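Novice: Below are the structure tokens for one structure; questions will follow.
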Amino acid sequence: MKIIAIDIGGTKIASALVTLAEGVPSIEYQENIPTEAKAGGAHVLERVIAAAKRVQALAPDAEGIGVSTAGVVDPRNGDIVYANEIMPGWCGTHLGAELADACGLRVGVLNDVHAHALGEARHGAGRNAASCLCVAVGTGMSGAFVDHGFILLGAHGVAGHIGHVGCTLAAGLPCTCGATGHVETVAAGPAIAAEYIRLGGDSEDGAEINRRALAGDEAAIAAQARAGLALGEVLGSMANTFDPEAIILSGSVANCGHHWSDALRTAYAALAMKPVAETPILSGELGGDAPLIGAAEHFKAPAYRELLA
Ligand SMILES: [Zn+2]
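Positions in the sequence shown are counted from 1; adding 900 to them yields the numbering used here.
This is the structure we're talking about:
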């Protein structure tokens, strides 16, 4: 099955043709263009439609369009029901309907974190697990719980915002979402950089901080360990709640070295109940392909039970 896949992020729009058959999906004709998000939702929509049409011209036999996008999506109609300040004017976009009209194809839309998780769950690190908790930690932190190929959507489409759950190290800290005490304020990349600076470091680059930690820089080690402890605490709590067969970590922070991952495992072990103590914590395998594959998969077989007739 050939599907046009689009991944809309705050900085770039990726488009490609994804072929789903037996085994590993193939990706052709991939093009990345700047989102130009600051120019507003209508402008971004124009760029998305143009990108989809360029793939369609190369693959006129494509059966439909799968879209992964920043923001909270109503997967029933492909509307964007919430988007933060990174995508001004994106909220309220009738993304699914506009794309379907413009290209004359059926369209499936889902949130980009959900798309990433679906890709990993069906074709990546979770392909042999009946259920998995996928967590992406980079500039922000989010995730999705996938059970037998279906993503938990929640009553408001908000389920999986694992960056916005409480953790002891974050107590009292203001979060980007407007609430306080959320793990993202300690575990995400900017938090590691801020803590490193606070401890006397002089770089805000995550990869550089990681190199310094591995070379024995005490401040870098402490900043990474604090983030690892916070994430491990939350993963332990989530394992107790959802009991996934596997936990899959992706995003730039997941590339941190052993000072981070050792702290993560220590905190996880402290929180996890005995039956989930050995739940495997894996690295994502698909990288940047995951949301494109997940978007195509969502078109082929809906990611949400709510969409089943
Ligand atoms: Zn928050």
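Ideal placement from N, C-alpha and C gives every residue a C-beta, glycine not left out.
This one's a predicted model, so the numbers in the text were calculated from it and none came from an experiment.
1) Mapping the DSSP letters down to three states, classify residue 947 as helix, strand or coil.
2) List the residues that DSSP assigns as beta-bridge partners of residue 1050.
3) Could you say if the stretch 971-981 and the stretch 951-962 meet the contact criterion of at least three C-beta pairs nearer than 8 Å?
4) When you measure from the CB of residue 1056 to every non-hydrogen atom of ligand 1, does any distance come out below 7 Å?
5) Is residue 972 near residue 1009, with beta carbons less than 8 Å apart?
6) How about the stretch 1022-1038 and the stretch 1144-1154: do they share at least three Cβ pairs that are nearer than 8 Å?
7) Quick one: residues with CB closer than 7 Å to any heavy atom of ligand 1, in chain order, please.
8) Is the beta carbon of residue 1183 less than 8 Å from the beta carbon of residue 1025?
9) Please identify the residue among 929, 1076, 1073 whose C-alpha is closest to the C-alpha of residue 914.
10) So the alpha helix (DSSP H) residue 976 belongs to, where does it begin and stop?
11) To the nearest angstrom, how far is it from the Cα of residue 1079 to the Cα of residue 1022?
12) Counting only runs of 3+ residues fully inside the stretch 975-1006, write out the beta strand (DSSP E) ranges in chain order.
13) If you compare alpha carbons, which of 991, 1067, 959, 903 is closest to residue 880?
14) On the CB-based measure, 16 or more other CB atoms within 10 Å of its CB, does residue 1118 come out buried or exposed?
15) Throw me the rounded Cβ distance for the residue 1158 and residue 1015 pair, which I believe falls under 8 Å.
16) Can you grab the Cα-Cα spacing for the pair residue 959 / residue 917, in whole Å?
17) Report the partner residues of residue 932 according to the DSSP bridge assignment.
18) So who's on the other strand from residue 919, going by DSSP bridges?
19) Looking at the structure shown, is residue 1110 part of a helix, part of a strand, or coil, going by DSSP?
20) How about residue 907 and residue 1012: do their beta carbons lie closer than 8 Å?
21) In the DSSP output, what is residue 1151 paired with across the bridge?
22) Can you find the residues in the same chain that come closer than 7 Å, C-beta to C-beta, to residue 1177, ignoring five residues on each side of it along the sequence?
23) Pull up the distance between the alpha-carbon of residue 903 and that of residue 948, whole angstroms please.
24) Excluding the 5 residues flanking residue 1206 on each side, which residues of the same chain have their C-beta closer than 8 Å to its C-beta?
25) With a CB to CB cut of under 6 Å and the five nearest residues on each side skipped, what residues in its chain are close to residue 964?
Specialist: Inspection of the coordinates gives the following:
1) It is helical.
2) Per DSSP, 1047.
3) As far as the Cβ criterion goes, the stretch 971-981 does not touch the stretch 951-962, which means the pair count is below three.
4) No; taking the cut-off as 7 Å, the Cβ of residue 1056 has no heavy atom of ligand 1 nearer than that.
5) No, the Cβ-Cβ distance between residue 972 and residue 1009 is not below 8 Å.
6) These segments touch.
7) Output, sorted by chain position: 1063, 1064, 1075, 1076, 1077, 1079, 1082, 1084.
8) Residue 1183 is a Cβ neighbour of residue 1025, given a cutoff of 8 Å.
9) Nearest option by C-alpha distance: 929.
10) For residue 976, no alpha helix (DSSP H) encloses it, and the DSSP letter there is neither H nor E.
11) Approximately 33 Å between the Cα atoms of the pair.
12) With a minimum length of 3 residues, the continuous beta strand (DSSP E) runs that stay inside the stretch 975-1006 are 979-982.
13) Lying outside 901 to 1209, the shown extent of the chain, residue 880 is not represented and no answer is given.
14) Exposure of residue 1118 is indicated by the presence of fewer than 16 other C-beta atoms within 10 angstroms of its C-beta.
15) Going by Cβ atoms, the distance from residue 1158 to residue 1015 rounds to 30 Å, so no, they are not a contact pair.
16) Rounded to whole angstroms, the separation of the alpha carbons of residue 917 and residue 959 is 7 Å.
17) Beta-bridge analysis with DSSP links residue 932 to 914.
18) Residue pairing for residue 919: DSSP places it in a beta bridge opposite 902, 926.
19) The answer is helix: DSSP assigns residue 1110 an H, G or I state.
20) With contacts defined by Cβ atoms closer than 8 Å, residue 907 and residue 1012 form a contacting pair.
21) In the DSSP output, where bridge partners are listed per residue, residue 1151 has none listed.
22) Around residue 1177: 1169.
23) So the alpha carbons of these two residues sit roughly 15 Å apart.
24) Taking C-beta separations shorter than 8 Å and ignoring five residues to either side along the sequence, the partners of residue 1206 in its chain run 975, 976, 1053, following chain order.
25) Closer than 6 Å at the Cβ level, and outside the excluded window around residue 964, lie 903, 1005, 1006, 1199.
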